[in-house]
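At position 64 of the sequence shown (counting the first as 1) the number is 664 in our numbering, and the numbers step up by one without a gap. In what follows, a structure is listed as structure tokens, so that the remarks can point back to it.
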Amino acid sequence: MKYLLYALLFLSIANCTAKIHPNTEYGATPEKTAEKSTPQVKNVILLIGDGMGVTQLSTRYYYGDGKINFDRFKHIGLINTSSAREKITDSAAGATAFATGRRSYNGAISVDLDQKSIPIIVEQLSQEGFKTGIISTSAVTHATPACFYAHVAQRKMQEEIAEQLVHSDIDFFAGGGLKYFEDRKDGQNLVQQLRDQGFEIRTDGDVLQHMPTDKKSAFLLADKGMPKMTEGRGSFLPDATKRAIQELNNPQGFFLMVEGSQIDWGGHANDAQYIITETADFDQAIGAALDFAEQDKQTLVVVTADHETGGFTLSAKQTDKGSDYAEIEPSFSTGGHSATLIPVFAYGPGSEDFGGIYKNTDIYHKIKKALAR
Ligand code: MG
Ligand code: ZN
């Protein structure tokens, strides 16, 4: 009986396949050929939600209302984010993996275990004519963005990192960190040096309010980190994403990294409201990237995180009778990072390659592969 069922099932599947692909055996029609030709990947937008595990992401579905941009992805995977030495990564080793395709030690900014520089995707693509940008709600010299343009042995060397940004290939940057450029132990004024390198510098106001010029753009809008969403950051992250796309888009292509930095800080603070508001803001930035990619059709958008922070859980409310499944009461297992697998979302040409379970370093290799096709 069982065999008969299998046989019937096989026949019906075979039949369906034949109906769906009538030309498979006899050569494709011209129409089909057009459909099959894979569009080129011209631009890449990599969005990193620092400390965003599946629970942080889940807050989009249990709090607030309105459109959820995570819903727009069809290709989803998971990554193991360990660093070379530690099971649980920090943001420096995590971003080094994305930016260089290599695992290093916690604290490393795009250097290997011997503290030697590893080529960064931004350096490689700039040589091929791409324009490049970074956006962060932390200081632009903080671990995650730093790995995309600097090589230093320890993440805390932020003045050194700022100096390397001045001489990097980056064409657009936005975030906090002004202090590391103008209030430095060595007395250098890097703001002036940035101007000498062809940057227009803005240190206040809204990103979209400033008129674009023909210069490279630097927005340094806070001394260290940008304000929290709950303290009035407003639409900085989605606005800066739109602005960067406008300024970087060119016939040679661009690479843009956008970081929702403070999802991590909410996790460290064990502050659910902080996480919820920062993740919602990150979702808006994803929306800005996807709106462009949908029109452009040659842009690969990848969204992921370096690690989870807080051991964050949407647990049931505890009452004297036990768990009340009607209500969520968020809880945390740690003030640090955790080792849970991290989600990856991809959209656009090459996005089908991002399904499955793999290592954080594969994000780099998959992006390079997508650009090479
Ligand atoms: Mg970060
Ligand atoms: Zn952290």
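Backbone N, C-alpha and C fix where the C-beta goes; we use that ideal spot for every residue, glycine too.
According to DSSP, which residues form a beta bridge with residue i?
i    : result
Q918 : S923
L900 : V644
L678 : P943, I957
I801 : A818
What did DSSP end up calling residue i once you bin it into helix, strand or coil?
i    : result
H937 : strand
E859 : strand
C616 : Because the pLDDT at C616 is just 43, under 50, the model does not fix this residue reliably, and the point stays unresolved.
S726 : helix
K969 : helix
T741 : coil
P949 : coil
E929 : coil
I668 : coil
S658 : helix
Hey, is residue i close to the ligand ZN, as in C-beta under 6 Å from one of its heavy atoms?
i    : result
T696 : no
T909 : yes
D864 : yes
The ligand MG and residue i: does the residue's C-beta get closer than 6 Å to at least one heavy atom of that ligand?
i    : result
T841 : no
T744 : yes
D650 : yes
S710 : no
S704 : no
S691 : yes
S717 : no
S951 : no
State the start and end residues of the unbroken alpha helix (DSSP H) segment that holds residue i.
i    : result
V766 : 758–766
I718 : Note, I718: premise wrong, no alpha helix (DSSP H); not H, not E.
R843 : 836–848
G775 : Segment 772–776 is the beta strand (DSSP E) holding G775; no alpha helix (DSSP H) there.
Compare the C-beta of residue i against all C-beta atoms of chain B and say whether one is closer than 7 Å.
i    : result
F670 : Among the chains in the structure shown there is no chain B, since it carries only a single protein chain.
Between which two residues does the beta strand (DSSP E) containing residue i stretch?
i    : result
A753 : Here A753 belongs to no beta strand (DSSP E), and DSSP marks it neither H nor E.
#### Entry: Three-pair Cβ contact test at 8 Å for the stretch 857–872 versus the stretch 754–768
no
### Task
Indicate whether the contact test is met: 3 or more Cβ pairs, each with one atom in the stretch 941–951 and one in the stretch 668–686, closer than 8 Å.
yes
### Query
For the 8 Å Cβ check, are there 3 or more pairs between the stretch 847–858 and the stretch 825–834?
no
### Message
Under 8 Å: do the stretch 802–817 and the stretch 703–719 share three or more Cβ pairs, one atom per stretch?
### Response
no
### Message
For the pair the stretch 733–741 and the stretch 769–778, tell me if three or more CB-CB distances fall below 8 Å.
### Response
yes
### Query
Okay, do the stretch 720–727 and the stretch 924–935 touch, 3+ Cβ pairs below 8 Å being the bar?
With the cut-off at 8 Å, the stretch 720–727 and the stretch 924–935 do not touch.
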